[in-house]
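Peer 1: Take a look at this one; I'll ask things after.
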Amino acid sequence: HTLTTLMLSSPLPSTAAMAKRKADELPTDVPEEKRSAGAEASEKLPQPPYTAASAEDRAKALSDPPLVFKLDATCGRARASTVILPHGEVLTPVFMPVGTQGTIKGMSSEDMHALGCKILLGNTFHLANRPTCDLLDKCGGLHNFMQWSGNILTDSGGFQMVSLLKLAEITEQGVEFEDPKKEGSRMLLTPEKSIESQNSIGGDIIMALDDVVSSTITDMDRIKEATDRTLRWVDRCISAHRKPHSQNLFGIVQGHLDPDLRESSLKEMIKRNFPGYAIGGLSGGEAKDSFWRVVEQCTRPGTGLPADKPRYLMGVGYPLDIVVCVALGVDMFDCVYPSRTARFGTALLRTGQMRLTSNEFATDHRPLEPGGTGPLKDYTRAMLHTIVTKEPVAASLITQHNLHFMLTLLREMREQIRNNTFNEWVRKFLQDFFPSARPAPCSACPPRWVRSALEACGIGLDDIFDWSAAEELPDMPRDSSNAPGGNKEGKKAEAKGKAAAAAAPEDAS
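So the sequence shown is residues -12 to 496, counted in our numbering.
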């Protein structure tokens, strides 16, 4: 196999110290020969080929930091802030569209500016493959390469440990992948190489490489190993970071769904005093009741992430999830969902998702979103139905709409927080998003995890929904006013509710 030069490797400044720590972390009942083997493996890590940040650069990062966080307002646990980065201010809460290889599919940088986007994502693993870090270095980084004057956040490549797990081998040194586009070739991603690549890409925020495991696995030995290794790797990332004066390295809290491991990871990451923090390891298929509890723990006042630093929830993009997590105290979000689902002909609306491929829209000449002000406000559903999945321009149009939807949703939440009306806004959002769910008696209710999560931050819903309802609606409901003739699901639920009321005793409450 060919080992590509994409990923080199290098250790902690003191490999002996790391080896000792790795050996000490092994259970006491592990045979001595295995403990020694673990230490020897760590000792064999190659010496660093990179140039660490100079003392002058580190001093500059302290005196003139590349990130300034200003908390503008709070409403309950929800926060509105201003994050000042090298390429301008970012107002939070904020959704960050994902441009995997220097472009959001179907969108130009000019399109993104027109939507008011201030920060977007690039994927280190894929950018290092194509166009390659060498090329990005030659053109002065990703900003110049894609003609983007806003901010960029780059991930570390750690997520590919989950998405490309069948092609990966994870060791203390790093993770070795088979290139999914070049069968037989291998590439090694280490903490040092991840940071070296991100330094070349030039993101305003860069992420430490973490050992990521699927949120659905149950192997506690592997989960603890990944949590502990993430801490060892983060120290190697700190040592490898050459540009602390111009790029902000965020640490990632791991720990799977285990409260004790999350608490340990939280404490250790906070000790390292990063300019910002991410909550990782979620949005991978875990139960939503577990999902929100991890987010709540990580944002809990007093014991969660620092109140004076930005908090980034990785990979979360469903509108409902974002609304709930803003209420819990998260500032930043990213996901491919709005742009990916657009390419399959699905538009996001305040009343759910609209699958424009459905034949019911063939003669529906209403606007995509009646009363909307977005980029597709003059396009009819019939027109979009005719071209979705058939004409390339359709993917661009619906991507534009979906990103406008997400960016506008987050801006609206910010204003509500600043006006101290966020709690009331959340209740109205849920009523619009789940129009078939009503006060008792009603046959349908929003997902019950939403009730529990919002109760944790002081937002009550019992007076507007019937939580004893038999039908629990999905997190991403289908728009229920699709066909001319109105809200079929809502009318159906209303009819069931009236029938139940008629059959109930007069004194029933």
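Idealized CB from N, CA, C, for every residue including glycine.
Could you check where the alpha helix (DSSP H) with residue 420 kicks off and where it finishes?
Peer 2: Counted from its first residue, the sequence shown places residue 420 at position 433. Run containing residue 420: 409 to 420, per the alpha helix (DSSP H) assignment.
Peer 1: For my contact list, residue 438 and residue 454 are in at a C-beta cut-off of 8 Å; report their separation, rounded to the angstrom.
Peer 2: Counted from its first residue, the sequence shown places residue 438 at position 451. Counted from its first residue, the sequence shown places residue 454 at position 467. Contact flag correct, Cβ pair sits at about 6 Å.
Peer 1: One question on the structure: do residue 223 and residue 179 come within less than 8 Å of each other, judged by their Cβ atoms?
Peer 2: To locate residue 223, count along the sequence shown from 1; it is residue 236. To locate residue 179, count along the sequence shown from 1; it is residue 192. Contact flag set, yes.
Peer 1: Is the distance from the Cβ of residue 354 to the Cβ of residue 366 below 8 Å?
Peer 2: For the purposes of this step, residue 354 is identified with residue 367 of the sequence shown, where counting begins at 1. For the purposes of this step, residue 366 is identified with residue 379 of the sequence shown, where counting begins at 1. Yes, the pair counts as a contact, with Cβ atoms nearer than the cut-off.
Peer 1: Between residue 401 and residue 115, is the Cβ-Cβ spacing less than 8 Å?
Peer 2: Taking the sequence shown and counting its residues from 1, the one referred to as residue 401 is at position 414. Taking the sequence shown and counting its residues from 1, the one referred to as residue 115 is at position 128. For residue 401 and residue 115, no; Cβs fall outside 8 Å.
Peer 1: Quick check: what's the CA-CA separation for residue 50 versus residue 296?
Peer 2: If you number the sequence shown from 1, residue 50 lands on position 63. If you number the sequence shown from 1, residue 296 lands on position 309. Distance between the alpha carbons of residue 50 and residue 296 is about 17 Å.
Peer 1: Mind checking which residues open and close the alpha helix (DSSP H) that includes residue 299?
Peer 2: The sequence position of residue 299 within the sequence shown is 312, counting from 1. Counting along the chain, residue 299 falls outside any alpha helix (DSSP H), though it belongs to the beta strand (DSSP E) covering 298 to 300.
Peer 1: Just tell me which of 387, 181, 202 has its CA closest to the CA of residue 193.
Peer 2: As a first step, residue 193 is located in the sequence shown; it is residue number 206 there, counting from the start. Of 387, 181, 202, the residue nearest in Cα terms is 181.
Peer 1: Quick test of the definition: if touching needs 3 or more C-beta pairs under 8 Å, does the region 345 to 353 touch the region 92 to 102?
Peer 2: Short answer: they don't touch.
Peer 1: Can you tell me the Cα-Cα spacing of residue 461 and residue 200, whole angstroms?
Peer 2: Taking the first residue of the sequence shown as position 1, residue 461 is located at position 474. Taking the first residue of the sequence shown as position 1, residue 200 is located at position 213. Computed Cα separation, rounded: 26 Å.
Peer 1: Residue 261 by DSSP, collapsed to three states: which one?
Peer 2: For the purposes of this step, residue 261 is identified with residue 274 of the sequence shown, where counting begins at 1. Residue state, collapsed to three classes: coil.
Peer 1: Can you list, in chain order, the residues of its chain with a C-beta nearer than 6 Å to that of residue 341? Leave out the 5 residues immediately preceding and following it.
Peer 2: Here residue 341 refers to the residue found at position 354 when the sequence shown is read from its first residue. Once the five neighbours on either side are set aside, the close Cβ partners of residue 341 are 334, 466.
Peer 1: Going by DSSP, which residues form a beta bridge with residue 318?
Peer 2: In the sequence shown, residue 318 corresponds to position 331, counting from 1. Residue 318 pairs with nothing; no bridge assigned.
Peer 1: Could you tell me the boundaries of the alpha helix (DSSP H) in which residue 134 lies?
Peer 2: Position 147 of the sequence shown, counting from 1, holds the residue named residue 134. No alpha helix (DSSP H) contains residue 134, which DSSP labels as neither H nor E.
Peer 1: Have a look at residue 214 and residue 241 and give me their C-alpha separation to the nearest angstrom.
Peer 2: Within the sequence shown, residue 214 is the residue found at index 227, counting from 1. Within the sequence shown, residue 241 is the residue found at index 254, counting from 1. When rounded, the distance between both Cα atoms is 6 Å.
Peer 1: Spell out a yes or no on whether the region 79 to 90 and the region 427 to 446 are touching, meaning 3 or more CB-CB pairs, one atom from each, closer than 8 Å.
Peer 2: Touching, no.
Peer 1: When the Cα atoms are used, what is the spatial distance from residue 175 to residue 375?
Peer 2: The residue given as residue 175 occupies position 188 in the sequence shown. The residue given as residue 375 occupies position 388 in the sequence shown. Straight-line Cα distance between these residues: approximately 40 Å.
Peer 1: For residue 120, report the span of its beta strand (DSSP E) as first-last.
Peer 2: Looking up residue 120 in the sequence shown gives position 133. Per DSSP, residue 120 belongs to no beta strand (DSSP E); it is in the alpha helix (DSSP H), 120 to 125.
Peer 1: Around the Cβ of residue -4, are there at least 16 other Cβ atoms within 10 angstroms (buried) or fewer (exposed)?
Peer 2: Within the sequence shown, the letter at position 9 stands for residue -4. Any reading at residue -4 must be qualified, since the residue scores a pLDDT of 34, below 50, and its modelled position is unreliable; the value itself is stated next. Counting Cβ neighbours within 10 Å, residue -4 comes out buried, since at least 16 surround it.
Peer 1: Where do the N-terminal and C-terminal ends of the alpha helix (DSSP H) with residue 390 fall, by residue?
Peer 2: Against the sequence shown, residue 390 aligns to sequence position 403. Run containing residue 390: 379 to 405, per the alpha helix (DSSP H) assignment.
Peer 1: What does the alpha-carbon distance come out to for the pair residue 110 and residue 132?
Peer 2: As a first step, residue 110 must be located in the sequence shown, where it is residue number 123. As a first step, residue 132 must be located in the sequence shown, where it is residue number 145. Computed Cα separation, rounded: 14 Å.
Peer 1: I believe residue 384 touches residue 363 by the beta-carbon criterion, under 8 Å. Please report the beta-carbon distance rounded to the nearest angstrom.
Peer 2: Along the sequence shown, read from residue 1 onward, the residue named residue 384 stands at position 397. Along the sequence shown, read from residue 1 onward, the residue named residue 363 stands at position 376. With a Cβ gap of about 6 Å, residue 384 and residue 363 count as contacting.
Peer 1: Using the three-state DSSP reduction, which class does residue 356 fall into: helix, strand or coil?
Peer 2: Looking up residue 356 in the sequence shown gives position 369. Correct three-state label for residue 356: coil.
Peer 1: Which of the three DSSP states, helix, strand or coil, is assigned to residue 438?
Peer 2: On the sequence shown, residue 438 is found 451 positions in, with the first residue counted as 1. Correct three-state label for residue 438: helix.
Peer 1: When you compare only the Cα positions, how much space is there between residue 70 and residue 107?
Peer 2: In the sequence shown, counting from the first residue as 1, residue 70 sits at position 83. In the sequence shown, counting from the first residue as 1, residue 107 sits at position 120. Looking at the two C-alpha atoms, the distance is approximately 14 Å.
Peer 1: State the DSSP-derived secondary structure class of residue 57, mapped to helix, strand or coil.
Peer 2: By one-based count along the sequence shown, residue 57 stands at place 70. Residue 57: strand per DSSP, three-state reduction.
Peer 1: Exposed or buried, what is residue 442 when buried is set at 16 or more other beta-carbons lying within 10 Å of its beta-carbon?
Peer 2: Position 455 of the sequence shown holds residue 442. Residue 442 is exposed by the Cβ-count criterion.
Peer 1: Rounding to the nearest angstrom, what Cα-Cα distance links residue 231 and residue 89 in this structure?
Peer 2: Within the sequence shown, numbered from 1, the residue matching residue 231 stands at position 244. Within the sequence shown, numbered from 1, the residue matching residue 89 stands at position 102. If I take the Cα positions, the gap works out to 23 Å.
Peer 1: For residue 292 versus residue 281, is the C-beta distance shorter than 8 Å?
Peer 2: Along the sequence shown, one-based indexing puts residue 292 at 305. Along the sequence shown, one-based indexing puts residue 281 at 294. No, Cβ-Cβ distance for residue 292 and residue 281 is not below 8 Å.
Peer 1: What do you get for residue 207, buried or exposed, if any count of 16 or more other CB atoms within 10 angstroms of its CB means buried?
Peer 2: Here residue 207 is taken as the residue at index 220 of the sequence shown, counted from 1. Its Cβ having fewer than 16 others within 10 Å, residue 207 is exposed.
Peer 1: CA-CA distance, residue 267 and residue 298?
Peer 2: The count along the sequence shown starts at 1 and reaches residue 267 at position 280. The count along the sequence shown starts at 1 and reaches residue 298 at position 311. Near 11 Å, if we compare the C-alpha coordinates of residue 298 and residue 267.
Peer 1: Going by C-alpha distance, which of 237, 337, 276 is nearest residue 264?
Peer 2: As a working mapping, residue 264 is identified with position 277 in the sequence shown. The shortest C-alpha separation from residue 264 is found at 237.
Peer 1: From residue 189 to residue 143, what does the alpha carbon distance come to, in whole angstroms?
Peer 2: Taking the sequence shown and counting its residues from 1, the one referred to as residue 189 is at position 202. Taking the sequence shown and counting its residues from 1, the one referred to as residue 143 is at position 156. Cα to Cα, the separation comes out at about 13 Å.
Peer 1: Would the beta-carbon of residue 217 fall within 8 Å of that of residue 197?
Peer 2: Along the sequence shown, one-based indexing puts residue 217 at 230. Along the sequence shown, one-based indexing puts residue 197 at 210. The answer is yes: Cβ separation under 8 Å.
Peer 1: Can at least three beta-carbon pairs, one atom from the region 249 to 261 and one from the region 121 to 138, be found at a separation below 8 Å?
Peer 2: No: fewer than three Cβ pairs fall under 8 Å.
Peer 1: Which residue marks the beginning of the alpha helix (DSSP H) containing residue 158, and which one marks its end?
Peer 2: As a position in the sequence shown, residue 158 is number 171, starting the count at 1. Premise fails: residue 158 is in no alpha helix (DSSP H) and is neither H nor E.
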